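J.: Okay, handing you the structure first.
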Amino acid sequence: MCTPDEPEYYLRRAFNQSYSQSGTPFIGKDSTIDSDMFIIYGHNMKNGTMFGTLDRYMEKTFWQENSDISFTTVAEERKYEVFAALETRILYREESGYCYYEQAGDLTKTAFEELVQWLADNALYDTGITPEYGEQIVILSTCSYHEENGRFIIAARRVDSEE
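Residue numbers (my numbering): 6 to 168.
The following block contains the structure:
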C-alpha cells in the first residue's frame with residue numbers, strides 16, 4: 006500500500022483498513038513505486054505471512070533458486086532481480102552511519118552509487134550483480150531479532166521494461 010501522507014497507515018491495518026496485527030506491506034516515506042529507490046516494509050510474522058519468510062534469503066542457495074521477485078500494482082506486474090540480502094539495524098539519532106531507510110526517493114548518481122556500495126559491502130554473500138545508475142531499486146525490509154532494532158532486508162533491481 007502507498008499512503009504518502011501517512012506512510013505507516015497500514016502498519017497495523019489490513020487491506021480493507023480494519024485492524025490487523027500483521028498489517029499490510031506498505032511503501033515507506035519520501036517515495037512512490039516510481040521513485041529511483043523505494044522501500045516496502047512488512048512484518049516478520051512467525052506464521053510465514055507478510056515478510057515472515059524473507060529471511061530465507063540469508064542462504065545463498067535460496068537466493069540462487071529465488072533471485073527473481075515480482076509484485077503487482079493496479080496497473081501492472083513488475084519484475085525485479087535480488088542482488089543483495091543483509092542484516093542491519095535502525096540507528097539511534099546520536100549514532101552516525103549509513104541509513105538505507107533515509108535514502109528512498111529519487112537519487113543523484115552519487116547517492117545511488119553510495120547505496121549500491123553500502124549494500125554490496127554489507128551483503129551476506131556476493132551475487133555478482135551490480136545495479137547501474139538509472140535502474141530502479143526496491144528494498145524489502147522486515148524486523149530481525151539478531152540485535153536491537155534489527156532489520157533484514159533484500160534489495161532488487163527492476164528488470165522488466167519500464168513503461
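For every residue, glycine included, the Cβ atom is placed at its ideal position computed from N, Cα and C. Note that this is a predicted model, so its numbers are computed, not measured.
Between which two residues does the alpha helix (DSSP H) holding T196 run?
T.: What the structure shows of the chain is the stretch from 6 to 168, and residue 196 is not part of that stretch, so it cannot be assessed.
J.: If you drop the 5 nearest sequence neighbours on each side, which residues of the same chain put their C-beta closer than 7 Å to that of D165?
T.: Cβ within range, chain order: R83 and K84.
J.: Would you kindly check if the distance between the Cβ of N52 and the Cβ of I95 is under 8 Å?
T.: Taking 8 Å as the Cβ cut-off, I95 and N52 do not qualify as a contacting pair.
J.: Taking T78 as the reference, give the member of T37, R162, Q108 and A109 with the closest Cα.
T.: Considering only alpha carbons, the answer is T37.
J.: According to DSSP, is K84 helix, strand or coil?
T.: Three-state result, K84: strand.
J.: Could you compute how far the alpha carbon of I134 sits from the alpha carbon of G47?
T.: Looking at the two C-alpha atoms, the distance is approximately 25 Å.
J.: Within the continuous alpha helix (DSSP H) that includes L129, where are the two ends?
T.: Here L129 belongs to no alpha helix (DSSP H), and DSSP marks it neither H nor E.
J.: Is the number of C-beta pairs between the region 155-164 and the region 128-146 that are closer than 8 Å three or more?
T.: Yes: the two stretches touch, three or more of their Cβ pairs being nearer than 8 Å.
J.: Looking at C-alpha atoms only, which residue of I32, Y62, G33 and F31 is the closest neighbour of S149?
T.: Looking at the Cα atoms, Y62 is the closest of the given residues.
J.: How long is the line joining the alpha carbons of F67 and L112, rounded to whole angstroms?
T.: If I take the Cα positions, the gap works out to 30 Å.
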